[in-house]
Every structure is written in structure tokens, then in C-alpha cells.
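Participant:
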Amino acid sequence: GDDLENAPTAIVTSTGLVKFASGKRMDPYYVQMQVPEEDEQDFILMRPFVPRSSDDSRQQLEAFMIAQINKQGQGSLTSYTVPGLKVDGPVIANRSMLADPVVAETTTLLGQRGSGVTLGNMLLIPLEGGDEEDVLLYLRPMYVEASGSQPAVQQVIAAYGERVRICASVELVLGALLVPDNEVGDDCQNVVPVDLGNISPNLAGPKDENPVPPTESGEDVETENDQSSSTPVAPENNQLQNLLQEAQETFENANKALENGDLGLYQDLIEQGQNLVQQATELLENN
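Residues 13 to 299 (the numbering used here) make up the sequence shown, in order.
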């Protein structure tokens, strides 16, 4: 089962060097979102970081890093710091979720009659606030598995600062957590769902007047004679792009299968997508 009391965290030193202290670490995870200065969403690999401390006492979010494929088909790593903000790290957010009385009550009710309740991966979700402040929040799905059936998402938990909400969908839980003047009510019955078609999970850009540009590795260097339109793309990069594109389409089809209630097809497509992502990861590591 899931080790709920030890939600994993990645760590980074003040000099930017990644090290590991005691406890389980957080694996990078895949998410589709829109990154700064780009017009479309992209399928990226993401990982949060907290400061290093010998006893893991410092658990505030320090930065997060994304890995993606640029237009030239080359992999890049970009880190985004959280300047001057006291944002909870994954461990603190996880504890807040588990300590919430509504979450505890819901877990007990869903676990009755022999059903198994499992929490999914903790996800850090940056949201662009438009005219308001940008938001960093955590989401965690709750799966319920009855005897002889496939696990299904029954609830989604969200944490933002000291606020924790649990509702039956992402749209509802965002409405309960972020939309002002909402009284949640039992089973989020008083919540107005957020229309996900009108918002996009954007990476929160820095609010500093003199922001430090993100550091990037694998960035192309253009010379006077180079033209991006004529830059040849290595066959391995084409293969990497194709694998990620196919994985993205497979995950989208899996979501459609889940919406249609076809859990068998959903599981098959998820496994196919994970295999494609694993192939892409191995190809990127070998380049």
C-alpha cells in the first residue's frame, strides 16, 4: 500500500546541487501543461524541490524543475524558483490532507463494506492567476477498489496553504478551494465547478521586478550562419518526439475511456502510455 505518512520530497542545496537525505524521495511525474512564453500545452516531466537539511526539518518548497522537448527535438531542463514565498512542500501538504477531518471521514466511509482506499501520487499544480496572484497547489486522487473490480477515482483532494478540500472531481475541488464566496456543503453540493476549458495549468512566472531567467540545459546556441528552420533533427530526437506524442494521445484516449466507464480499456491504455513514456525516458537517458 501507499506509505501515506511519508509523502516523498526531492531536495536541493543552496548551491543548486541535488542531494538526498533520509526518507523516501519523490519521483518525477508527467503532466500536460502550458509553460511560460509558449502558446500551447506540452507534455512535460516535473519535479518539486525543497531545501536540504540533515534532519529533513526544512520542508518548504524551494523550486520545481521541468523536462521537455523543444521545437528542435532536443531535451531541456528548466528550473523555476519560488522567490520570497513560503510555500508548503509535498510532505507538509500531505500531512494537511491526512489531518483534515472531512478527508478522514470520507476515507472511512469509502473504505466500508470491504472496499480498499488508496491515495494516488501527490501532484504540484502551478496555476496562472491572470490579474490575481499565481497559485501553487497540490492535488491527490483517491482511488476506491471494490472486490473484483478495477480501482476508480472517487474523490480528489486539494491543498492550498492551510485550506484542504475533497470533492468528487477536479472541477469541483478547484471550485471549493479557489473560487471565493463558496460554501462547500456536504459532498461539495454548494460548489460551482470550475470550467477547465477556460483555464489552463500554467507555470507561475516570477513576480519580481528583476526576475532571474530560468536556467536551462540542452538549449540550442544559434550562430550567424545557423537558421532554426534548416537545423537538421537527429533521428533519435524524431523518435523521442514520436514516442511522447503517441504517449500523450494514448493518455487522452484513456481519459475518454474512463469517462465512458470502460475501466478495462482505461487500464490497458494507461499501461500502453506508461510503456511509451518509459521508452522515451530510456532514449533520452542514452542520448
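We put the CB at the ideal spot given by N, CA and C, even for glycine.
What you are looking at is a predicted structure, and each value in this text was computed from that prediction instead of being measured.
Is it right to say T120 is buried, meaning 16 or more other beta carbons lie within 10 angstroms of its own, or is it exposed?
Facilitator: Here residue 120 is taken as the residue at index 108 of the sequence shown, counted from 1. Under this definition T120 is an exposed residue.
Participant: Between which two residues does the beta strand (DSSP E) containing M154 stretch?
Facilitator: Working through the sequence shown from its first residue, we reach residue 154 at position 142. Here the beta strand (DSSP E) through M154 covers V147 to E157.
Participant: Would you decide whether V204 is buried or exposed? Buried here means 16 or more other CB atoms lie within 10 Å of its CB.
Facilitator: Locating residue 204 in the sequence shown gives position 192, where the first residue counts as 1. Label assigned to V204: exposed.
Participant: Put P138 into one of helix, strand or coil per three-state DSSP.
Facilitator: Locating residue 138 in the sequence shown gives position 126, where the first residue counts as 1. Reduced to three states, the DSSP call for P138 is strand.
Participant: Check whether the segment 121 to 131 and the segment 148 to 163 are in contact - that is, three or more C-beta pairs closer than 8 angstroms.
Facilitator: They touch, by the three-pair rule.
Participant: From the DSSP output, read off the bridge partner residues of C179.
Facilitator: For the purposes of this step, residue 179 is taken as residue 167 along the sequence shown, with counting starting at 1. Its beta-bridge partners are V168.
Participant: Touch check for the segment 255 to 272 and the segment 281 to 294: three-plus C-beta pairs under 8 angstroms?
Facilitator: With the cut-off at 8 angstroms, the segment 255 to 272 and the segment 281 to 294 touch.
Participant: May I have the straight-line CA-CA distance separating Q162 from Y172, to the nearest angstrom?
Facilitator: In the sequence shown, the residue the question calls residue 162 occupies position 150. In the sequence shown, the residue the question calls residue 172 occupies position 160. In a straight line, the C-alpha of Q162 is about 30 angstroms away from that of Y172.
Participant: Taking the alpha-carbon positions, what's the R59 to N272 distance?
Facilitator: Translated into positions along the sequence shown, residue 59 becomes position 47. Translated into positions along the sequence shown, residue 272 becomes position 260. Their Cα atoms are separated by approximately 31 angstroms.
Participant: Going straight from the alpha carbon of C179 to that of P113, what length do you get?
Facilitator: Within the sequence shown, the letter at position 167 stands for residue 179. Within the sequence shown, the letter at position 101 stands for residue 113. Between C179 and P113, the C-alpha separation is close to 14 angstroms.
Participant: Using DSSP with H/G/I as helix, E/B as strand and the rest coil, what is R107?
Facilitator: The sequence position of residue 107 within the sequence shown is 95, counting from 1. In this structure, R107 counts as helix in the three-state DSSP scheme.
Participant: Check D274 in the structure and name its three-state DSSP category.
Facilitator: Translated into the one-based positions of the sequence shown, residue 274 becomes position 262. Coil.
Participant: What number of angstroms, rounded off, separates the C-alpha of E294 from the C-alpha of V168?
Facilitator: What you label residue 294 is simply residue 282 of the sequence shown in a count that begins at 1. What you label residue 168 is simply residue 156 of the sequence shown in a count that begins at 1. Taking the straight line joining both Cα atoms gives about 31 angstroms.
Participant: Distance, Cα to Cα, Y278 vs L256?
Facilitator: In the sequence shown, the residue the question calls residue 278 occupies position 266. In the sequence shown, the residue the question calls residue 256 occupies position 244. Each residue's Cα considered, the two are about 18 angstroms apart.
Participant: With a Cβ-Cβ cutoff of 9 angstroms, do V196 and L151 count as a contact?
Facilitator: Within the sequence shown, the letter at position 184 stands for residue 196. Within the sequence shown, the letter at position 139 stands for residue 151. No.
Participant: Using three-state DSSP, classify Q162 as helix, strand or coil.
Facilitator: The residue you call residue 162 lines up with position 150 of the sequence shown. Coil, per DSSP.
Participant: Residues in the same chain with beta-carbon distance under 7 angstroms from N250, minus the five sequence neighbours each way, listed in chain order, please.
Facilitator: The sequence position of residue 250 within the sequence shown is 238, counting from 1. These residues qualify, in order along the chain: G85.
Participant: Quick one, are the C-beta atoms of I81 and G87 less than 9 angstroms apart?
Facilitator: Start at 1 with the first residue of the sequence shown, and residue 81 comes out as number 69. Start at 1 with the first residue of the sequence shown, and residue 87 comes out as number 75. Yes, these two residues count as a Cβ contact at 9 angstroms.
Participant: How long is the line joining the alpha carbons of N267 and Q71, rounded to whole angstroms?
Facilitator: As a working note, residue 267 is residue 255 in the sequence shown. As a working note, residue 71 is residue 59 in the sequence shown. Distance between the alpha carbons of N267 and Q71: 33 angstroms.
Participant: Buried or exposed: V160, going by 16 or more other Cβ atoms within 10 Å of its Cβ?
Facilitator: The residue given as residue 160 occupies position 148 in the sequence shown. Here the sequence assigns Gly to residue 160, which means Val is not the residue at that position. G160 is exposed by the Cβ-count criterion.
Participant: Classify D54 as helix, strand or coil using the three-state DSSP reduction.
Facilitator: Here residue 54 refers to the residue found at position 42 of the sequence shown. DSSP places D54 in strand when its eight states are reduced to three.
Participant: Going by Cα to Cα distance, which pick from R175, L73, P63 and L89 is closest to V47?
Facilitator: For the purposes of this step, residue 47 is taken as the residue at position 35 of the sequence shown. Taking only the C-alpha atoms, the option nearest V47 is L89.
Participant: Are the beta-carbon atoms of M45 and D51 separated by less than 9 angstroms?
Facilitator: For the purposes of this step, residue 45 is taken as the residue at position 33 of the sequence shown. For the purposes of this step, residue 51 is taken as the residue at position 39 of the sequence shown. No, these two residues do not count as a Cβ contact at 9 angstroms.
Participant: Is the CB-CB distance between I104 and V43 below 9 angstroms?
Facilitator: Taking the first residue of the sequence shown as 1, we reach residue 104 at position 92. Taking the first residue of the sequence shown as 1, we reach residue 43 at position 31. No, they are not a contact pair.
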